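Heads up, the thing below is written out as structure tokens.
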């Protein structure tokens, strides 16, 4: 919390939104967000115009961290198959955290139920970029239908995220890597 | 709405909760629910004790409809493989509805983020029962590891539900049946 005290009101609000929305959902109140950030509601409205924009900005700000977590340390190392499996190994690792509640972008999409919400637009972009990355690896690995394989992998990614986040499934025995391996094999992926 | 007018206050509240929570999420207010049902807040609290219990009762009440929708017309017809594929064909059909927002039980689990909430408990039971049914068919069809296959199928089920419900994916080209077919084949399922 000491580093937070030195952050700007804008960054404090974005951090508070990231944490509270992940833990409690998008319906978390503006009062609670401003209180957690130590920023007045008046300042919040001056900085962001409203909660919707603050929520979108908070999700936007987390993208580099989120994408770095899924990406291999060296993007040129390994085979395309290994790079795809790495993404799911990272999800399996993340899900072991007691505070894991699934992919924050999927959660926001499910909770908002509104594709036109500015935060939904950020979440959709992140999801599309992950799918694009998987498709690129599928192409490099010679999958028969890279577009189809990438869509299948996203079903597994989001299904695992939602189920492990909701505590109706656990991934610590390699459930997603086993599933993804079957799909990679079926797609003729090297 | 004419049939609703004749329904009991309890049923009117459960119907309103089912519709509003599905469309707007679990954070929908008690005022809005009571208004939609044409029932006073006082009556709601007398009938259910609170919103959490009303929400749980509403999800409970939808179970027969939900499960009938996924089940084959004749549970003894077809092969185990066909009965599993039928579940996913039903999801693909449901997702074509413009009002489709994914599986209501998964949505509630993602939104509540609280496994101890009475509505989460209902949702978890429904999910476990579906997984059990898939596992039974996997056993009947001679899958190598029926428990693993059922868990894989649930990843696809919930991933498809979440993604199609959030409008980041469409299932009308048979995405889930293609994916499930690959997993059934990999499991050695007849």
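Residue numbers (the numbering used here), protein chains in the order written: chain A, 1 to 190; chain B, 191 to 380. The beta-carbon is built from N, C-alpha and C at its ideal position, and this holds for glycine as well. Just so you know, these numbers come straight off a predicted model, no measurement behind them.
Integer Cβ distance of residue i from residue j, believed to fall under 8 Å
i                      : j                      : result
residue 103 of chain A : residue 161 of chain A : 4 Å
residue 118 of chain A : residue 52 of chain A  : 5 Å
residue 109 of chain A : residue 277 of chain B : That belief does not hold up - the Cβ atoms of residue 109 of chain A and residue 277 of chain B are roughly 23 Å apart, past 8 Å.
residue 175 of chain A : residue 341 of chain B : 6 Å
residue 137 of chain B : residue 159 of chain A : One cannot answer for residue 137 of chain B here, as it falls past the ends of chain B, which runs 191 to 380.
residue 361 of chain B : residue 281 of chain B : 7 Å
Alpha-carbon to alpha-carbon, residue j and residue i
i                      : j                      : result
residue 66 of chain A  : residue 237 of chain B : 45 Å
residue 138 of chain A : residue 58 of chain A  : 31 Å
residue 246 of chain B : residue 105 of chain A : 26 Å
residue 355 of chain B : residue 209 of chain B : 15 Å
residue 230 of chain B : residue 219 of chain B : 13 Å
residue 125 of chain A : residue 63 of chain A  : 10 Å
residue 84 of chain A  : residue 134 of chain A : 6 Å
residue 200 of chain B : residue 223 of chain B : 12 Å
residue 182 of chain A : residue 89 of chain A  : 15 Å
residue 1 of chain A   : residue 12 of chain A  : In this prediction, residue 1 of chain A scores a pLDDT of 45, lower than 50, which makes its location untrustworthy; the coordinate-derived value is nonetheless stated afterwards. Cα to Cα, residue 1 of chain A sits roughly 10 Å from residue 12 of chain A.
residue 71 of chain A  : residue 336 of chain B : 32 Å
residue 283 of chain B : residue 244 of chain B : 29 Å
residue 221 of chain B : residue 228 of chain B : 10 Å
residue 140 of chain A : residue 334 of chain B : 31 Å
residue 347 of chain B : residue 374 of chain B : 14 Å
residue 190 of chain A : residue 35 of chain A  : 52 Å
Three-way DSSP call (helix, strand, coil) for residue i in this model
i                      : result
residue 44 of chain A  : helix
residue 144 of chain A : coil
residue 100 of chain A : coil
residue 325 of chain B : helix
residue 167 of chain A : coil
residue 218 of chain B : coil
residue 172 of chain A : coil
residue 156 of chain A : helix
residue 74 of chain A  : coil
residue 114 of chain A : coil
residue 370 of chain B : helix
residue 39 of chain A  : coil
residue 2 of chain A   : Because the pLDDT at residue 2 of chain A is just 45, under 50, the model does not fix this residue reliably, and the value given afterwards should be weighed accordingly. Of the three classes helix, strand and coil, the one that applies to residue 2 of chain A here is helix, per DSSP.
Run of the alpha helix (DSSP H) containing residue i, from where it starts to where it stops
i                      : result
residue 380 of chain B : Run containing residue 380 of chain B: none; DSSP gives neither H nor E here.
residue 19 of chain A  : 9–24
residue 86 of chain A  : 80–95
residue 52 of chain A  : 51–61
Buried/exposed call for residue i, threshold 16 Cβ in 10 Å
i                      : result
residue 129 of chain A : exposed
residue 132 of chain A : exposed
residue 353 of chain B : buried
residue 207 of chain B : buried
residue 8 of chain A   : exposed
residue 202 of chain A : Since the first and last residues shown for chain A are 1 and 190, residue 202 of chain A lies out of range.
residue 369 of chain B : buried
residue 239 of chain B : exposed
residue 97 of chain A  : exposed
residue 297 of chain B : buried
residue 77 of chain A  : exposed
residue 69 of chain A  : exposed
residue 213 of chain B : exposed
residue 79 of chain A  : exposed
residue 196 of chain B : exposed
heavy atom of the ligand SAM below 7 Å from residue i C-beta
i                      : result
residue 337 of chain B : Because no ligand of any kind appears in the structure shown, any question about the ligand SAM cannot be addressed here.
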